[in-house]
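This report concerns only the one structure given below.
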């Protein structure tokens, strides 16, 4: 069974540009989560999508946005990039949240570098 | 490869010994907990989970203990092997008005030969 996949592996952008990161969940998983992992820090929750809708977002400015497509894949967009946005962006997927939580399976991440 | 957690607390353990990694969680409404292992250059890998109606759960070579009174979670790895070297972090999930997903910063485990 294929795991969570993310693209691109690495992305280099300059300050002020926009970045688009992509994620394909495990087959059968409808929930997709996005996290930011800055070097030396833990994961910070960004966004949660389920069934095409944004269900929750973390404490990040509106220039962090995304969407989930009908096939449950997802896209994270970061506008007006700042140097502090440089981090590893991880996508995870899980079964549908219905009356409880399920383990999240992570992809390998996209390393975003803003210069 | 990637460097994860350059300035994390480090636990050094002799190969073959048992390892205990601790985590203090923050939200008393959290009712689901997971331990993840993250090797350099890779995404976090699920190790074991536990729900709040349990205080202990065992897997293969790993045991998770949950103490809700003091909001403490621990991961025990039996007979630690070189392949266990990685960053380990706990995650707590709960609902209190909104869904909360909180991840610890992690502990680096170094296995000494």
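Chains as they are written, first to last, in my numbering: chain A, 1 to 115; chain B, 1001 to 1113. By construction, the Cβ of each residue, glycine as well, lies at the ideal position given by its N, Cα and C atoms. Remember, predicted model here, so these are calculated numbers, not experimental data.
Taking CB atoms only, residue 41 of chain A has a neighbour in chain B less than 8 Å away. The CB of residue 82 of chain A never comes closer than 7 Å to any CB in chain B; the least such distance is about 21 Å. Chain-ordered listing is empty here: chain B has no CB closer than 8 Å to the CB of residue 34 of chain A, the nearest sitting near 11 Å. Of all residues in the region 1091 to 1103 of chain B, only 1093, 1098, 1099, 1101 and 1103 place a beta-carbon less than 7 Å from a beta-carbon of chain A.
Taking C-beta atoms under 8 Å as the contact rule, residue 31 of chain A and residue 48 of chain A qualify, at a distance of about 7 Å.
Contacts with chain B (Cβ-Cβ distance below 9 Å) from the region 42 to 60 of chain A involve 42, 43, 44, 45, 48, 55, 56 and 58, listed in chain order. Under the DSSP definition of a beta bridge, residue 1039 of chain B lacks any partner.
Residues of chain A with a Cβ closer than 7 Å to the Cβ of residue 1105 of chain B are, in chain order, 41 and 42.
The count of Cβ pairs closer than 8 Å, one atom from the region 11 to 29 of chain A and one from the region 89 to 96 of chain A, reaches three, so the stretches are in contact. The beta carbon of residue 64 of chain A sits no closer than 8 Å to any beta carbon of chain B.
Put simply, the CB of residue 75 of chain A is far from chain B, with every gap to its CB atoms at 8 Å or more. Taking a Cβ-Cβ threshold of 7 Å, the residues of chain A close to residue 1049 of chain B are 103, in chain order. Contact annotation, residue 1027 of chain B with residue 1097 of chain B: C-beta distance approximately 11 Å; criterion of less than 8 Å not satisfied. Close to residue 1042 of chain B, with beta-carbon spacing below 9 Å, are these residues of chain A in chain order: 106, 108 and 109. The region 1059 to 1067 of chain B and the region 1075 to 1082 of chain B touch, with no fewer than 3 CB-CB distances between them shorter than 8 Å.
Shown here, residue 1094 of chain B sits in a strand according to DSSP, grouped into three states.
The beta carbon of residue 63 of chain A lies closer than 8 Å to those of 78, 79 and 80 in the same chain, with the five residues before and after it left out.
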